[in-house]
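*Asks:* In the working numbering, the protein residues as written are 5 to 287. Don't be surprised by glycine CBs; every beta carbon is placed ideally from N, CA and C. Owing to the predicted nature of the structure, the values given are computational and were not obtained by experimental measurement.
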Amino acid sequence: MTLAGYNSVSYNKSTGEITSSKVRINRAVFEKYNYTKAERTNVAEHELGHALGIGHNNTDSVSVMNPANRYYTIQACDINGMKARYATTTTFDSVPNNPGEIITVTEYLHVQPKITNITTNYSSQSHSLILKGRAIGIEHLTLTYQGKKVRTVNVKSGQFKFAQQFKGYGDFKLMKGQQVLATIPSQQYATPKVKVTSAERTTKGIYYTLIGSRDATINIAQNGQVIKTIKNASATTKVFIPNAKIKNSTRGLTVTQRVTNKKTSQAVQLPPLKVNIKQVTNF
Numbered sequence: 005m006t007l008a009g010y011n012s013v014s015y016n017k018s019t020g021e022i023t024s025s026k027v028r029i030n031r032a033v034f035e036k037y038n039y040t041k042a043e044r045t046n047v048a049e050h051e052l053g054h055a056l057g058i059g060h061n062n063t064d065s066v067s068v069m070n071p072a073n074r075y076y077t078i079q080a081c082d083i084n085g086m087k088a089r090y091a092t093t094t095t096f097d098s099v100p101n102n103p104g105e106i107i108t109v110t111e112y113l114h115v116q117p118k119i120t121n122i123t124t125n126y127s128s129q130s131h132s133l134i135l136k137g138r139a140i141g142i143e144h145l146t147l148t149y150q151g152k153k154v155r156t157v158n159v160k161s162g163q164f165k166f167a168q169q170f171k172g173y174g175d176f177k178l179m180k181g182q183q184v185l186a187t188i189p190s191q192q193y194a195t196p197k198v199k200v201t202s203a204e205r206t207t208k209g210i211y212y213t214l215i216g217s218r219d220a221t222i223n224i225a226q227n228g229q230v231i232k233t234i235k236n237a238s239a240t241t242k243v244f245i246p247n248a249k250i251k252n253s254t255r256g257l258t259v260t261q262r263v264t265n266k267k268t269s270q271a272v273q274l275p276p277l278k279v280n281i282k283q284v285t286n287f
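As structure tokens, then:
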């Protein structure tokens, strides 16, 4: 179930004449991995290319002879390769009947692994990334986090779903062997950082203007202790922190935000200010 097809071609090594060619197409793979009619045609064209004596192109080529082709029909490079193969003129009328001169070459068309329909959610209760999607031509995936293997993921009926606990804001990768099939950066599972456009301290306290995500919950903390929470924030939020809340000190202040099904954003340090000082940042 890892092969979409194969071709076994025999030729005379002295003359280059093809003596026989056998092509097999794996319809069970087509059905299992939902090949479209066009993609099935591409596979057939690939195998007929072998039947006419053309080998595989490079693994990263846009070519019907790509060794894991599913998505490409006949390209200009394939036509040029066929013309080059048949550029010489034959000087004989029949193939010599000498079994010792016959070479047989078999080439396989592997199913191209692919991951689609990836969705991500984050559980704040279990501190886990919940990841699901579809996998084509794959039975097992390797999940890495920050470059280290964290688990093996089983694919059942072309689908996968799992929850993975973690800390930090690193990149996840889904891999087959050494091939990276999908990368899940923190932008997909974590709320973006808050932007602080202005901060002003008066004799009464501090005024902040924050740009964040709509409907987020914003927390302002001092030395790790939350001193102000704003729920269902708008895209631009204005906040006032009285002196009593910060004990007259503007040091150690941070701001984070969180939206549903996303991890809390990384903390942003709020600038320490003296009275009658206003700081403005343009993004």
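1. What residue does the alpha helix (DSSP H) around Thr260 start on, and which one ends it?
2. Verify whether the separation of the beta carbon atoms of Thr120 and Arg138 is less than 8 Å.
3. Sort Ala8, Lys36 and Thr19 by Cα distance to Thr92 and report the nearest one.
4. Just tell me which of Ala271, Ala237, Gly209 and Ala220 has its CA closest to the CA of Asn227.
5. So, is Met5 buried or exposed, given that buried needs 16 or more other C-beta atoms within 10 angstroms?
6. Classify Asp64 as buried or exposed, calling it buried when 16 or more other Cβ atoms lie within 10 Å of its own Cβ.
7. In whole angstroms, what separates the C-alpha of Gln182 from that of Ala80?
8. Helix, strand or coil for Asn46 per DSSP?
9. Just how far apart, CA to CA, sit Lys208 and Ala248?
10. Answer yes or no: does any C-beta atom of chain D fall closer than 8 Å to that of Gly141?
11. Round the Cβ separation of Gln261 and Ile222 to the nearest angstrom and send it over; I've been treating them as touching at under 8 Å.
12. With distance defined between alpha-carbon atoms, name the residue in Ala186, Ile58 and Ala88 nearest to Thr123.
*Replies:* In terms of the structure at hand:
1. Element bounds for Thr260: not the alpha helix (DSSP H) but the beta strand (DSSP E), Leu257 to Arg262.
2. yes
3. Thr19
4. Ala271
5. exposed
6. exposed
7. 31 Å
8. helix
9. 9 Å
10. Any reference to chain D falls outside this structure, which holds one protein chain only.
11. 5 Å
12. Ala186
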